[in-house]
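Peer 1: Structure in structure tokens, see below.
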Amino acid sequence: MKKETRKKAKGGAKSMIYFSLFILLVGCLLFVWYFHEGMNQQTVVTTPLASEQATSLNASEHNQQDSPWQLLLVNKEHAIPSNYTIKLRKVSGGERVDERIYTPLMSMLEEAKKANLGELPIVVAGYRSQEQQEQILKQKIAEFEKTGYSNKEAKQQASQWAALPGYSEHQIGLAVDLNGATYDLYPWLQENSYKYGFILRYPSNKTEITSISGEIWHYRYVGVKVATEIYKNGLCLEEYLGEV
Numbered sequence: 374m375k376k377e378t379r380k381k382a383k384g385g386a387k388s389m390i391y392f393s394l395f396i397l398l399v400g401c402l403l404f405v406w407y408f409h410e411g412m413n414q415q416t417v418v419t420t421p422l423a424s425e426q427a428t429s430l431n432a433s434e435h436n437q438q439d440s441p442w443q444l445l446l447v448n449k450e451h452a453i454p455s456n457y458t459i460k461l462r463k464v465s466g467g468e469r470v471d472e473r474i475y476t477p478l479m480s481m482l483e484e485a486k487k488a489n490l491g492e493l494p495i496v497v498a499g500y501r502s503q504e505q506q507e508q509i510l511k512q513k514i515a516e517f518e519k520t521g522y523s524n525k526e527a528k529q530q531a532s533q534w535a536a537l538p539g540y541s542e543h544q545i546g547l548a549v550d551l552n553g554a555t556y557d558l559y560p561w562l563q564e565n566s567y568k569y570g571f572i573l574r575y576p577s578n579k580t581e582i583t584s585i586s587g588e589i590w591h592y593r594y595v596g597v598k599v600a601t602e603i604y605k606n607g608l609c610l611e612e613y614l615g616e617v
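So in the working numbering, spot 75 of the sequence shown is number 448, and the numbers just go up one at a time.
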């Protein structure tokens, strides 16, 4: 009887071990499956900008309310409309953009690999929240103050390099800052981005109009037709929209 009891005990212990291992295996498989699905799933986020903007966005609610979404003008004089809403999608590297520009953006980056040592250019900045834009401006002001500028002077200098919160194209998800493995990427983008609907948003020879110093890395989606006209005529977005 004692031997039978021992056998039953051993058998029960083995069964419990096997059952526990089975549960653990199933759990691991489910985790791997969930992680894989999550990585391949389109990341779409609906973001109402109005809820993020604590500052007043009065300046220009007119902001082409009847214009196509891709031609929304955002600069020092044109604030983001308070009711502006976008859906975001993640790109390679983790940054997010308006889901409507995802396909042309990725097509452009894939083609740009030829001028980037065979590597996919990196989107180092896409969509930004109100808080992120505020932080960027504060950092820029602090940088100028460290070099000897007064707070007032530092703010003036910083505004040439960083847009005011609520007045940044990054907050509408239609602009990206691109980084490459070689400088050759930037001439390629200047000559080819229009084919995919993107423009060099802040050319160095248009600073007086855009109020932003030249940024060879900053590209804005406006659609192929408009981008082609802007490229061929040497315009900036303000000039194309007749805001000069």
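From the three backbone atoms N, C-alpha and C, an ideal C-beta is built for every residue, glycine too.
In this text, all values refer to a predicted model and were calculated from it rather than measured experimentally.
Give a yes or no on whether the C-beta atoms belonging to Tyr594 and Ala452 are separated by under 8 Å.
Peer 2: As a first step, residue 594 must be located in the sequence shown, where it is residue number 221. As a first step, residue 452 must be located in the sequence shown, where it is residue number 79. Against a cut-off of 8 Å, the Cβ pair of Ala452 and Tyr594 comes out as no contact.
Peer 1: When the distance is taken between beta carbons, is Pro477 closer than 8 Å to Gly570?
Peer 2: Translated into the one-based positions of the sequence shown, residue 570 becomes position 197. Translated into the one-based positions of the sequence shown, residue 477 becomes position 104. Yes, the pair counts as a contact, with Cβ atoms nearer than the cut-off.
Peer 1: Buried or exposed: which applies to Asn448, given that a residue is buried once 16 or more other Cβ atoms fall within 10 Å of its Cβ?
Peer 2: Taking the first residue of the sequence shown as position 1, residue 448 is located at position 75. When all chains shown are included, Asn448 counts as buried.
Peer 1: For Met412, which residues in the same chain have their Cβ closer than 6 Å to its Cβ, ignoring the five residues on either side in sequence?
Peer 2: Translated into positions along the sequence shown, residue 412 becomes position 39. For Met412, the pLDDT reaches just 38, beneath the cut-off of 50, and the residue's location in the model is therefore unreliable, although a value from the coordinates is still provided. Closer than 6 Å at the Cβ level, and outside the excluded window around Met412, lies no residue.
Peer 1: Our contact map puts Ile514 next to Lys528 with C-beta atoms below 8 Å; I'd like the distance itself, whole angstroms only.
Peer 2: In the sequence shown, the residue the question calls residue 514 occupies position 141. In the sequence shown, the residue the question calls residue 528 occupies position 155. Contact holds; Cβ gap of about 6 Å.
Peer 1: Per DSSP, which residues does Tyr592 bridge with? Please list them.
Peer 2: Taking the first residue of the sequence shown as position 1, residue 592 is located at position 219. Its beta-bridge partners are Val549 and Leu573.
Peer 1: Can the beta-carbon of Ser577 be found less than 8 Å from the beta-carbon of Met481?
Peer 2: Here residue 577 refers to the residue found at position 204 when the sequence shown is read from its first residue. Here residue 481 refers to the residue found at position 108 when the sequence shown is read from its first residue. In this structure, Met481 does not lie closer than 8 Å to Ser577 by Cβ.
Peer 1: Under the rule that 16 or more other beta-carbon atoms within 10 Å means buried, what is Ile572, buried or exposed?
Peer 2: Within the sequence shown, numbered from 1, the residue matching residue 572 stands at position 199. Classification for Ile572: buried.
Peer 1: Taking Gly607 as the reference, which of Tyr575, Ala536, Trp590 and Ser584 has the closest Cα?
Peer 2: As a working note, residue 607 is residue 234 in the sequence shown. Comparing Cα positions, the closest option is Tyr575.
Peer 1: Using the C-alpha atoms, what's the distance from Thr520 back to His543?
Peer 2: Taking the first residue of the sequence shown as position 1, residue 543 is located at position 170. Taking the first residue of the sequence shown as position 1, residue 520 is located at position 147. Looking at the two C-alpha atoms, the distance is approximately 27 Å.
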